[in-house]
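Comments concern the structure below.
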Amino acid sequence: MKKEVVLSYFPQMTYRRYTQLSASFFTLESTFLATHNQLRAIGWNASTIEAWFQWKPTVSLSHISQELALYGITPIALGDDQYPVLLSTITDPPICLFVRGNTFFSTKTVGVVGTRKNTSYGKQVTEQLVGDIATRGVHVISGLALGIDAIAHNACLRSGGITVAVLAGGIDAHTVAPRAHYQLSEEIITKGGSIVSEYPPLVQPTIYSFPKRNRIIAGLSRGTVVIEAPKKSGSLITADCALQYNREVMVVPQNITSPTAQGTNDLLKQGAHPITSYTDILEILQLQDLEDSATTPKKYPSSQHERDLLSLLSTEPTHIDELIRMSTLSNTVIMSTLMLMEMNGFVKHIGGMKYVIRY
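Numbering (UniProt numbering), first residue to last: 1 to 359.
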């Protein structure tokens, strides 16, 4: 098991502490053998060291493996081939991303965020913009929250697009929050998207984990669209993160008398791009090649076998022997399922018994 997966279970783990550890201890075994003095020497403070030695005896690799399998969660460690390219380039990437659903992450992505207390105008604009970019193959990233987030996810799904929900806590069925959007999270997975988090299963979200979640939304996105945001909206944190990562920030112009316009109008004053249509988004993100690629809603894998195999595939060729090794399905089931998936356009056989995803 990758050390990044295990270290993600340590509640005080941060990217900085991870890099401090990795500079001196190259394996999980050597990390666990580190002494108080060695941890102090790499820069850890006394309270973190104390928490580390209280946590370490509770770690069970077999329990972690069983728990992830139980909840159908795939851990993707920083440095893995499957780790999202855009996310890997930010200054403080998650050392492990826990994923349910599709483990392929496009670079043609837009973050869509906004207030939980949206207006009818905000809903209309979100549905229009998201529907237009989703039908052109842009993947939509948001946070599953009430308001604009949920509207964006739903609009993407209705348009046959792919959407990713980033959570501030565990992504297991017991912990997905808000609970009112559990069914939405399942629909996202069923229709080819994913729900992701840097937190292990059963970790409840806190007021501190939401800003950290927002940085992942910004990190997964080529650019971020802020629909409606009052002065103290969490969406402004996402926009700030995007700017720090040298990503584009786009804003829908608002009525200057509306409370939900104060944050977005401030962003415009600071130099954010004003947008009034999907073509603005494509141009700003240099995705004009998608302009004429609008499609009818796609079909999605309907069986669990198809979804299981899809989670093991990427744009890199995977030999069928590797699928057999990684999957719990029988050889016969894998062969027949791949045949159906190729007929439906989900995968492509490139020869030599190798397959790639076609998303």
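From the three backbone atoms N, C-alpha and C, an ideal C-beta is built for every residue, glycine too. The model shown is predicted, which means the values in this text are computed figures rather than measured ones.
Exercise. Excluding sequence positions up to five away, which residues of its chain have a Cβ less than 6 Å from the Cβ of residue 228?
Worked result: Here residue 228 refers to the residue found at position 228 when the sequence shown is read from its first residue. Same-chain partners within the cutoff: 114, 115, 118, 122 and 260.
Problem set entry | the segment 277 to 287 / the segment 247 to 255 touching (three or more Cβ pairs under 8 Å) | Judged by pairs of C-beta atoms under 8 Å, the segment 277 to 287 touches the segment 247 to 255, as three or more such pairs exist.
Exercise. Count the other CB atoms within 10 Å of the CB of residue 183; is the residue buried (16 or more) or exposed (fewer)?
Worked result: As a working note, residue 183 is residue 183 in the sequence shown. Residue 183 comes out exposed.
Exercise. CA-CA distance, residue 10 and residue 290?
Worked result: Residue mapping note: residue 10 aligns to position 10 of the sequence shown, counting from 1. Residue mapping note: residue 290 aligns to position 290 of the sequence shown, counting from 1. For residue 10 and residue 290, the distance between alpha carbons rounds to 42 Å.
Exercise. In this structure, does DSSP put residue 109 in helix, strand or coil?
Worked result: Here residue 109 refers to the residue found at position 109 when the sequence shown is read from its first residue. Here residue 109 carries a strand assignment [DSSP, helix/strand/coil].
For this session: Tell me whether residue 66 is buried or exposed, calling it buried when 16 or more other Cβ atoms sit within 10 Å of its Cβ.
Result: Numbered from its first residue, the sequence shown carries residue 66 at position 66. Its Cβ having fewer than 16 others within 10 Å, residue 66 is exposed.
For this session: Indicate whether residue 166 and residue 152 have their beta-carbon atoms separated by less than 8 Å.
Result: Residue numbering aside, residue 166 sits at position 166 when the sequence shown is read from its first letter. Residue numbering aside, residue 152 sits at position 152 when the sequence shown is read from its first letter. No, they are not a contact pair.
Exercise. DSSP three-state call for residue 26: helix, strand or coil?
Worked result: As a working note, residue 26 is residue 26 in the sequence shown. Of the three classes helix, strand and coil, the one that applies to residue 26 here is coil, per DSSP.
Problem set entry | Element boundaries [beta strand (DSSP E), containing residue 248] | Position 248 of the sequence shown, counting from 1, holds the residue named residue 248. From DSSP, the beta strand (DSSP E) with residue 248 extends over 248 to 251.
Exercise. In this structure, does DSSP put residue 197 in helix, strand or coil?
Worked result: Start at 1 with the first residue of the sequence shown, and residue 197 comes out as number 197. Residue 197: strand per DSSP, three-state reduction.
For this session: Would you check whether the ligand ATP has a heavy atom nearer than 7 Å to the C-beta of residue 154?
Result: The model depicted lacks the ligand ATP and carries no ligand whatsoever.
Exercise. If you draw a straight line from the C-alpha of residue 309 to the C-alpha of residue 255, how long is it?
Worked result: One-based indexing of the sequence shown puts residue 309 at position 309. One-based indexing of the sequence shown puts residue 255 at position 255. Those two C-alpha atoms are separated by around 48 Å.
For this session: Output the residue ranges of the beta strand (DSSP E) runs that lie fully inside the UniProt domain "DprA winged helix" (295 to 352) and measure 3 residues or longer, sorted by chain position.
Result: 347 to 351
Problem set entry | Distance between residue 217 and residue 163 (C-alpha atoms, nearest Å) | Counted from its first residue, the sequence shown places residue 163 at position 163. Counted from its first residue, the sequence shown places residue 217 at position 217. Roughly 12 Å separates the two Cα atoms.
Exercise. Can you tell me whether DSSP reads residue 139 as helix, strand or coil?
Worked result: Position 139 of the sequence shown, counted from the start, is the residue given in the question as residue 139. Three-state DSSP puts residue 139 in a strand.
Exercise. When you compare only the Cα positions, how much space is there between residue 126 and residue 150?
Worked result: Counting from one through the sequence shown, the residue named residue 126 turns up at place 126. Counting from one through the sequence shown, the residue named residue 150 turns up at place 150. Here the alpha carbon of residue 126 sits roughly 10 Å from the alpha carbon of residue 150.
Exercise. Count the other CB atoms within 10 Å of the CB of residue 70; is the residue buried (16 or more) or exposed (fewer)?
Worked result: In the sequence shown, the residue the question calls residue 70 occupies position 70. Exposed is the call here.
Exercise. Any idea what DSSP makes of residue 287, helix, strand or coil?
Worked result: For the purposes of this step, residue 287 is taken as residue 287 along the sequence shown, with counting starting at 1. Three-state result, residue 287: coil.
For this session: Would you list the residues sitting across from residue 76 in a DSSP beta bridge?
Result: Along the sequence shown, read from residue 1 onward, the residue named residue 76 stands at position 76. BP columns for residue 76 point to 97.
Problem set entry | Sub-8 Å separation of residue 252 and residue 313 beta-carbons | Position 252 of the sequence shown, counted from the first residue, corresponds to residue 252. Position 313 of the sequence shown, counted from the first residue, corresponds to residue 313. Cβ atoms of residue 252 and residue 313: not closer than 8 Å.
For this session: Taking 8 Å as the cut-off, decide whether the C-beta atoms of residue 201 and residue 170 are in contact.
Result: Here the question's residue 201 lines up with position 201 in the sequence shown. Here the question's residue 170 lines up with position 170 in the sequence shown. Residue 201 places its beta carbon less than 8 Å from that of residue 170.
Exercise. When DSSP labels each residue in this structure, what does residue 191 get in the three-state scheme?
Worked result: Indexing the sequence shown from 1 puts residue 191 at position 191. In the structure shown, residue 191 sits in coil (DSSP, three-state: anything other than H, G, I, E or B).
For this session: List the endpoints of the continuous alpha helix (DSSP H) containing residue 216.
Result: Within the sequence shown, numbered from 1, the residue matching residue 216 stands at position 216. 209 to 220 is the extent of the alpha helix (DSSP H) around residue 216.
For this session: Inspect the CB distances between the segment 232 to 239 and the segment 260 to 278 and report whether three or more fall short of 8 Å.
Result: Two segments are said to touch when three or more pairs of C-beta atoms, one from each, lie closer than 8 Å; by this definition the segment 232 to 239 touches the segment 260 to 278.
Problem set entry | In chain order, each alpha helix (DSSP H) run of at least 4 residues that lies wholly inside the segment 230 to 281 | 235 to 244 and 262 to 269
Exercise. Taking the alpha carbon of residue 327 as the point to measure from, which residue in 346, 304, 345 and 194 has its own alpha carbon closest?
Worked result: What you label residue 327 is simply residue 327 of the sequence shown in a count that begins at 1. It is 304.
For this session: Compute the beta-carbon to beta-carbon distance between residue 146 and residue 225, rounded to the nearest angstrom, for a pair I have assumed lies under 8 Å.
Result: The residue labelled residue 146 in the question sits at position 146 within the sequence shown. The residue labelled residue 225 in the question sits at position 225 within the sequence shown. 18 Å between Cβ atoms; not a contact.
Exercise. Can residue 316 and residue 346 be called in contact, C-beta distance under 8 Å?
Worked result: Here the question's residue 316 lines up with position 316 in the sequence shown. Here the question's residue 346 lines up with position 346 in the sequence shown. The answer is no: Cβ separation not under 8 Å.
For this session: Over the uninterrupted alpha helix (DSSP H) stretch that includes residue 59, give me the two end residues.
Result: Translated into the one-based positions of the sequence shown, residue 59 becomes position 59. Residue 59 -> no alpha helix (DSSP H), and no H or E assigned at all.
Problem set entry | Distance between beta carbons of residue 101 and residue 194, contact taken as under 8 Å | Locating residue 194 in the sequence shown gives position 194, where the first residue counts as 1. Locating residue 101 in the sequence shown gives position 101, where the first residue counts as 1. Contact holds; Cβ gap of about 3 Å.
For this session: Pick out whichever of 5, 155, 37 and 42 has its Cα sitting closest to the Cα of residue 20.
Result: Residue 20 sits at position 20 when you count from the first residue of the sequence shown. Ranking 5, 155, 37 and 42 by Cα distance to residue 20 puts 42 first.
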